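Right, one structure below, let's go through it.
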Amino acid sequence: MTTTINSIAASAHQTGATAHSDHDAALRFITCGSVDDGKSTLIGRLLVDSKAVLQDHLAGITKSGETDLALLTDGLSAEREQGITIDVAYRYFATEARKFIIGDAPGHEQYTRNMVTAASQADAAVVLVDATKLDWKNPQLDLLPQTRRHSLLVHLLRVHSLVFAVNKLDAVQDPALAFTHIRQQLAAFAQAAGITVEATIPVSALKGWNVVESSPSGWAGYTGPSLLQVLEKLPNTPADVALPLAFPVQWVEKFSSSADTSQGRRVFWGRVAAGTARVGDAVQIQPSGQQAVIAQVINHARVPGSVSANLSAGITLDREVDVSRGDWIVAAPQVVTAAEDDFDTPAPQSPWPGVRELSTTVAWMDDEPLVAGRVYWALHGHRWAKAKVRRVVHRLNIHTLAEEDAAQLEPNAIGHVELLLQEPIPAAPFERARVLGSLILVDTASHKTAGAVLVR
Numbered sequence: 002m003t004t005t006i007n008s009i010a011a012s013a014h015q016t017g018a019t020a021h022s023d024h025d026a027a028l029r030f031i032t033c034g035s036v037d038d039g040k041s042t043l044i045g046r047l048l049v050d051s052k053a054v055l056q057d058h059l060a061g062i063t064k065s066g067e068t069d070l071a072l073l074t075d076g077l078s079a080e081r082e083q084g085i086t087i088d089v090a091y092r093y094f095a096t097e098a099r100k101f102i103i104g105d106a107p108g109h110e111q112y113t114r115n116m117v118t119a120a121s122q123a124d125a126a127v128v129l130v131d132a133t134k135l136d137w138k139n140p141q142l143d144l145l146p147q148t149r150r151h152s153l154l155v156h157l158l159r160v161h162s163l164v165f166a167v168n169k170l171d172a173v174q175d176p177a178l179a180f181t182h183i184r185q186q187l188a189a190f191a192q193a194a195g196i197t198v199e200a201t202i203p204v205s206a207l208k209g210w211n212v213v214e215s216s217p218s219g220w221a222g223y224t225g226p227s228l229l230q231v232l233e234k235l236p237n238t239p240a241d242v243a244l245p246l247a248f249p250v251q252w253v254e255k256f257s258s259s260a261d262t263s264q265g266r267r268v269f270w271g272r273v274a275a276g277t278a279r280v281g282d283a284v285q286i287q288p289s290g291q292q293a294v295i296a297q298v299i300n301h302a303r304v305p306g307s308v309s310a311n312l313s314a315g316i317t318l319d320r321e322v323d324v325s326r327g328d329w330i331v332a333a334p335q336v337v338t339a340a341e342d343d344f345d346t347p348a349p350q351s352p353w354p355g356v357r358e359l360s361t362t363v364a365w366m367d368d369e370p371l372v373a374g375r376v377y378w379a380l381h382g383h384r385w386a387k388a389k390v391r392r393v394v395h396r397l398n399i400h401t402l403a404e405e406d407a408a409q410l411e412p413n414a415i416g417h418v419e420l421l422l423q424e425p426i427p428a429a430p431f432e433r434a435r436v437l438g439s440l441i442l443v444d445t446a447s448h449k450t451a452g453a454v455l456v457r
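This is the structure:
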């Protein structure tokens, strides 16, 4: 069912790279914002000025002495013909201080699902703001809807760092005044939405000002670091290591007889969603509820040892239990210590109990509205389950940030929705556990990804 599904649900939410204090892991970041804000041009400038583009490639995008930097990322023929970004284009480059993987996300509303796919795997987001599209002389100027929508989606998807880049200031009469007014409105919007902003930087992607090198003259009244210098210092998304074990089974290796660590039993492969898989830990299989003990843990190279969140692992249990693709191996229920005056023995409680009723935030991406009563396929980890829309509670007004009563969610809307699942899943609030707290909804007839779901 398309790579979009796999990107959001299977590898989404986590990039596979753990946080490193010395920034030795590649930083995955996306550029987003409204149409024609200069996202592709900005990435082209980063690649060219960091000397990550070969001369023959550069010559291929140069015509009549003019270099079209956007063509470095717009690879589809439709993108080149229309001059827009449709799919997410990924590029790799490195500086002496850091390695980077860039995702160029589309700005059109109809391609919001592609932007969500890119954001779900990102450590950081650069939201571009086109100064020429705003009433920059007005201190109370209105931001573009896509600037607000993409910033909110980045925030909802828990992208660790957000940077605003105010572009095309070289095309306005008073860059310093324009940057001051735009920065004030961006700050007011971010504060109202509860968004933490790492930096707001004036840039000219076309001319390269404040992109790789800082503008030496304090252009636009700004004397801070360049965009690249800010990106080099941003942290990777921290893994959910401190939580109890949660492991979605992606593939079952049947009774491996190779003289390795499988001990003649099946090996369950997947990526650890939360916590750490260790030998000797008691676990529970969901949804069956069977319990076992971890007998062996191997990493992606089949080397024995503990494996933590965000990394791939193979788990062997001490006995044969019924486990299939889509099941979860989670920490076994634990007895919660009772009060001294409580003489009743408390029942063990699972750290990741199965639930059927979910209160969620949904970013709706289908062409048809989301209405109560509709049934979709829900993908959680690697498990498919039918999900019925019980109620649309609120719709988020991206202009006022108010939650408004609504009977449905239109395409590209964000809202509060109650879901009822056909079978229980070990879901948790997204703010606590990224993988356990995220699902996607898929249309049962067209098999298109219809919505990104975050558990509230």
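Numbers 2 to 457, taken from my numbering, label the letters of the sequence shown in order. Glycine included, C-beta positions come from ideal geometry on N, C-alpha and C. Since the structure is predicted, the reported quantities are computational estimates derived from the model, not experimental observations.
Restricting attention to Arg384, Val273 and Phe180, the CA atom closest to the CA of asparagine 139 is found in Phe180. Annotated three-state conformation of leucine 232 is helix, per DSSP. Of the other Cβ atoms in all chains shown, fewer than 16 fall within 10 Å of the Cβ of glutamine 174; this residue is therefore exposed.
The DSSP-derived three-state label of alanine 191 is helix.
DSSP places isoleucine 44 inside the alpha helix (DSSP H), whose first and last residues are 40-50. Straight across, the Cα-Cα distance linking alanine 119 with alanine 221 is about 31 Å. The three-state secondary structure of asparagine 300, taken from DSSP, is strand.
In this structure, DSSP gives proline 146 a helical state, which the three-state scheme calls helix. The bridge partners DSSP lists for tyrosine 93 are Ile102.
With three or more CB-CB distances shorter than 8 Å, the region 242-251 counts as touching the region 313-332. Only residues of its own chain outside the window of five on either side were considered, and among them Val298, Ile299 and Asn300 have a CB closer than 8 Å to the CB of glycine 306, listed in chain order.
In this structure glycine 452 is buried. Its beta-carbon is surrounded by 16 or more other beta-carbon atoms within 10 angstroms.
Annotation for threonine 362: the continuous beta strand (DSSP E) segment containing it runs 356-365. Distance from the CA atom of arginine 150 to the CA atom of valine 393, rounded to whole angstroms, is 19 Å.
Selection Glu404, Lys255 and Leu422 evaluated against tyrosine 377 yields Leu422 as nearest (Cα-Cα).
Contact annotation: the region 32-50 touches the region 131-147, with at least three C-beta pairs closer than 8 Å. Residue Lys389 holds the alpha-carbon nearest to the alpha-carbon of isoleucine 441 among Gln409, Asp406, His395 and Lys389.
In this structure, the alpha-carbon of histidine 400 lies about 14 Å from that of asparagine 413. Leaving aside the five residues that flank glycine 327 on each side, the residues in its chain whose CB is nearer than 8 Å to its CB run, in chain order, Pro249, Val250, Gly382, His383, Arg384 and Trp385. Note that the C-beta distance between serine 289 and alanine 240 is not below 9 Å. Note that the C-beta distance between methionine 116 and leucine 154 is below 9 Å.
For glutamine 230, the CB contacts under 8 Å within the same chain, skipping 5 residues up- and downstream, are Ser215 in chain order. Assignment of beta-bridge partners to lysine 169 by DSSP yields no partner. For valine 49, same chain residues with a beta-carbon under 6 Å away, outside a window of 5 residues either side, do not exist. For leucine 371 and arginine 457, the gap between their C-alpha atoms comes out near 18 Å. Annotation: the continuous beta strand (DSSP E) that includes leucine 397 extends over 384-397. For glutamine 186, same chain residues with a beta-carbon under 7 Å away, outside a window of 5 residues either side, are Leu142 and Leu144 in chain order.
In this chain, the beta strand (DSSP E) harbouring aspartate 406 covers 404-406. Taking C-beta separations shorter than 6 Å and ignoring five residues to either side along the sequence, the partners of threonine 277 in its chain run Ser307 and Ser309, following chain order. Distance between leucine 402 and valine 418, taken at the CA atoms: about 17 Å.
Cα atoms of phenylalanine 94 and serine 51: separation of roughly 8 Å, rounded to the nearest angstrom. Look at glutamine 185 here: in three-state DSSP terms it is helix. Taking 9 Å as the cut-off, the beta carbon of leucine 437 is found no closer than this to the beta carbon of alanine 446. A Cβ-Cβ distance of about 12 Å is found for the pair isoleucine 286 and valine 253, leaving them out of contact under the 8 Å criterion.
Comparing alpha carbon positions, the residue from Leu235, Trp353 and Asn398 closest to alanine 364 is Asn398.
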